[in-house]
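Working notes for the structure below.
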Amino acid sequence: MPRWNPKQINEWHTRSSEYDPDVITICPVHPDLMITGTYQLVKATERQIFPGQFRQGSIYVNLVSPTWRPAFPGQQTPKLAKRKLPAAILDIHFHPLDGTLLGVALSDMTIHFFRFVKRADILSRRILTELLSLGSIEVASRDEDGLLVLCTQFRWLDMYEECGNPKKYTNTITTHMVVSLSTGEIITVKVKLPGVRSTFDPRLAHKPGPISFSRESVHWHTEEAWTVITIPISSTVTSQTSLLLSGGDDSKLIAAMVQFDTTTHAEEHNQTSPQALWTDSKTHTGGVTAIHPLPPPLTNDPAPPPILILTGSYDEHLRLFTLSPHTFRRQPLQPIAEAHLLGGVWRIKLMDNYIIPLQPIPPEMALNPDNTTESAQKINSNGKKRPLPPHETHYILLVATMHASVQIVRLVHTPFPTEEGENWSMTVLARLKPDAHNSVVYGADARKEWPQSKYNLEGVAARDEGDGHLHEHLEELRLKRLVRQVGVDVAWADQSKETRPSWKSWSEELRGEVRTAWEKEQWERSVGRYTCLSISFYDRKICTWVWRDEKRKEGIELQEFLERY
């Protein structure tokens, strides 16, 4: 096990939350914005049946950047949405196939659904954000003592079917999720939601009606269930088979095989009985609080790759397991890599995943903005696929470690064993200084601050863009600023206003040259730079900080690596 000696991050920016924050996520469609959820115990009143059980919560939209700068003269500060809810927020996630569909798990047995909208208000010269309510479902009943059941965590599945006519506002979205409950139960849920996508949908004129859904029980933990994930195994036209893994306060990691139907009738679950696979009650010496799947590393082995899962626990360890792609059992039984983080592992976020070639890339395989590697380069003279060159696969993890702040971990797979005879290594790279958070860190998220690839420069997303005419105005101002920064259009700038062609006639001609020059500069300057967010509970802090991966310049994206070879 590696020695815990991370580099300390000493610079951060602190903001305060109105209530105790316990969940946070960055919107994948609008990465300049984040959603935070809060958990607040309210003093019991005489009318309450169960004193101390009343909780309330809210979800807030906020800027990822701690400071806001106008994109043009006269732009007003954004109007950021806020929603108060009848119970505490325990988990929030955007759908992986619909990046503005937000699910929110509450402490009153319900899951609420929202459409997150960002739009431009031309008259007020500002950006508006809205959380449009799509309705809610109640996925459990009160426990045997009459207490409310908490939805401790949920996960969307990569299953998504939209039916109906959006132009006539009759479209619906059918999708699936898995949920862990404070009773220890793990359930699957199939739900049909209204396909609302904009503020002007007439369905918003009425209070959201009942949502069609069905639920099925998978298995039980003997104490609170804290975490659940699924990994797709196979699919057909009518169903998808997934491996389900859950962890709970009983220190157990439980695996089952579950089949989901892909029909659009939410009332008809049509799920076959889950197949129990195995239960591990010996590895973790504390409650299992986090599970995260990882994409397998690329190898030259034609056999199916093993399934990789990370687990976090109250026992302060982060562990990596491999599961057989055939039997779905652990091989070996013990973790193949682990790290002691000196704090309970509550949440795990995969920040980045890239490949570092271990030998120089041949010049003929180099990519450029105008040309990609021909498929013939991947084939050798015998007509067989060219073997991949030696390379390392790197996984960068952001880990919320409760009383030990938030930490960054590097997980590396090499094609040959190390001196210890292992292909995997786990290293704690950095930790945010404990002074940043004086309470329990329950959540963290991060975003990259550079284009996807220096060989495929399609533009850096503007964090403050709007829509419609405001978007066009911002784009024009942005291009003018880029011209000044990189000095591409000197001739245009030197001409007098009377003889100078209009910017509109020049912008299309210069767009490619300006963007390419500026983006190359941006890539070199910012590659490996991540903006990170972390929240702590009782002190109500939201911290924003920056971390740089010095190895990232050596790495290339997975897709680019495949294109080369």
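All residue numbers for the sequence shown refer to my numbering, where the first residue is 4 and numbers rise by one. Quick reminder that beta carbons are idealized off the backbone N, C-alpha and C, glycines included.
Does the Cβ of residue i have 16 or more other Cβ atoms within 10 Å, making it buried, or fewer, making it exposed?
{"i": "T325", "result": "buried"}
{"i": "A604", "result": "The structure shown does not extend to residue 604, since the chain is modelled only from 4 through 568, so no value can be given for it."}
{"i": "W548", "result": "buried"}
{"i": "N168", "result": "exposed"}
{"i": "G149", "result": "exposed"}
{"i": "W2", "result": "This structure cannot speak to residue 2, because the chain is shown only from 4 to 568."}
{"i": "C154", "result": "buried"}
{"i": "Y317", "result": "buried"}
{"i": "I214", "result": "buried"}
{"i": "Q156", "result": "buried"}
{"i": "I559", "result": "buried"}
{"i": "V64", "result": "buried"}
{"i": "H397", "result": "buried"}
{"i": "K255", "result": "buried"}
{"i": "K87", "result": "exposed"}
{"i": "Y357", "result": "buried"}
{"i": "P300", "result": "buried"}
{"i": "L361", "result": "exposed"}
Considering only C-alpha positions, which residue in the set the options is nearest to residue i?
{"i": "H1", "options": "R206, I351 and S237", "result": "In the structure as shown, the chain begins at 4 and stops at 568. Residue 1 is therefore absent and cannot be evaluated."}
{"i": "V45", "options": "N441, F57, T288 and P34", "result": "F57"}
{"i": "S136", "options": "R129, D111, P99 and S201", "result": "S201"}
{"i": "V443", "options": "H416, A403 and R413", "result": "A403"}
{"i": "K171", "options": "V194, K195, L344 and R206", "result": "R206"}
{"i": "A279", "options": "P99, A259, E452 and F119", "result": "A259"}
{"i": "N426", "options": "F157, R450, V412 and H394", "result": "H394"}
{"i": "L353", "options": "H320, D101, R450 and T177", "result": "R450"}
{"i": "I130", "options": "P300, S254, F75 and G138", "result": "F75"}
{"i": "E341", "options": "I545, T314, F216 and P363", "result": "T314"}
{"i": "P197", "options": "L105, L561 and K255", "result": "L105"}
{"i": "K82", "options": "I95, I125 and L109", "result": "I125"}
{"i": "G290", "options": "P89, H440, D25 and H224", "result": "H224"}
{"i": "D304", "options": "V152, P390, R543 and I176", "result": "P390"}
{"i": "H343", "options": "H320, S127 and E133", "result": "H320"}
{"i": "Y445", "options": "H16, D23 and R18", "result": "D23"}
{"i": "H115", "options": "E527, V194, R72 and D101", "result": "V194"}
{"i": "M180", "options": "S220, T173, A306 and R145", "result": "S220"}
{"i": "F117", "options": "F564, A123 and G102", "result": "G102"}
{"i": "E14", "options": "C535, I294 and D542", "result": "C535"}
{"i": "V348", "options": "L401, S139, E164 and S127", "result": "L401"}
{"i": "L561", "options": "S529, C546 and D355", "result": "D355"}
{"i": "S139", "options": "D161, D146, T113 and E147", "result": "T113"}
{"i": "T2", "options": "L565, F564, Y541 and S537", "result": "As displayed, the chain neither begins before 4 nor continues past 568, which places residue 2 out of reach and without an answer."}
{"i": "I234", "options": "V240, S529 and S245", "result": "S245"}
{"i": "Y163", "options": "V415, I351 and L100", "result": "L100"}
Tell me the DSSP secondary structure of residue i in three-state form.
{"i": "P390", "result": "coil"}
{"i": "D448", "result": "strand"}
{"i": "R551", "result": "strand"}
{"i": "P277", "result": "coil"}
{"i": "L361", "result": "coil"}
{"i": "D1", "result": "No statement about residue 1 is possible, as the shown extent of the chain runs from 4 to 568 and does not include it."}
{"i": "F75", "result": "coil"}
{"i": "P437", "result": "helix"}
{"i": "E524", "result": "helix"}
{"i": "G462", "result": "Per-residue confidence for G462 stands at a pLDDT of 35, beneath the threshold of 50, marking its modelled position as unreliable; no derived number is given."}
{"i": "L336", "result": "coil"}
{"i": "R200", "result": "coil"}
{"i": "L100", "result": "coil"}
{"i": "F324", "result": "strand"}
{"i": "E560", "result": "coil"}
{"i": "A91", "result": "coil"}
{"i": "R532", "result": "strand"}
{"i": "L565", "result": "helix"}
{"i": "R206", "result": "helix"}
Only counting the same chain, and skipping five residues up and downstream in sequence, which positions put a Cβ closer than 6 Å to that of residue i?
{"i": "R218", "result": "V142, I190 and V192"}
{"i": "P418", "result": "P393"}
Given residue i, which residues of its chain have a CB within under 8 Å of its CB, disregarding the five upstream and five downstream residues?
{"i": "P437", "result": "A407 and S408"}
{"i": "Q337", "result": "T286"}
{"i": "H96", "result": "T28, L105, G106, F157, R158 and W159"}
{"i": "A433", "result": "P9, K10, Q11, I12, Q410, I411 and W550"}
{"i": "V493", "result": "Its pLDDT being 44, under 50, V493 is placed unreliably by the model, and nothing is read from it."}
{"i": "P31", "result": "F97 and G102"}
Excluding five sequence neighbours on each side, which residues of the same chain lie with their C-beta closer than 7 Å to the C-beta of residue i?
{"i": "G531", "result": "R551, D552, E553, R555 and K556"}
{"i": "S110", "result": "R58, A90, A91, L93, L151 and L153"}
{"i": "Q51", "result": "At Q51, the pLDDT of 48 sits below 50, so the modelled position is not reliable; the number obtained from the coordinates is stated separately. Cβ within range, chain order: F57."}
{"i": "G187", "result": "W223, H224, T225, E226, E227, A228 and G251"}
Legend entry - Any beta strand (DSSP E) of 3 or more consecutive residues that is wholly inside the region 116–161: 129–141, all fully within the region 116–161.
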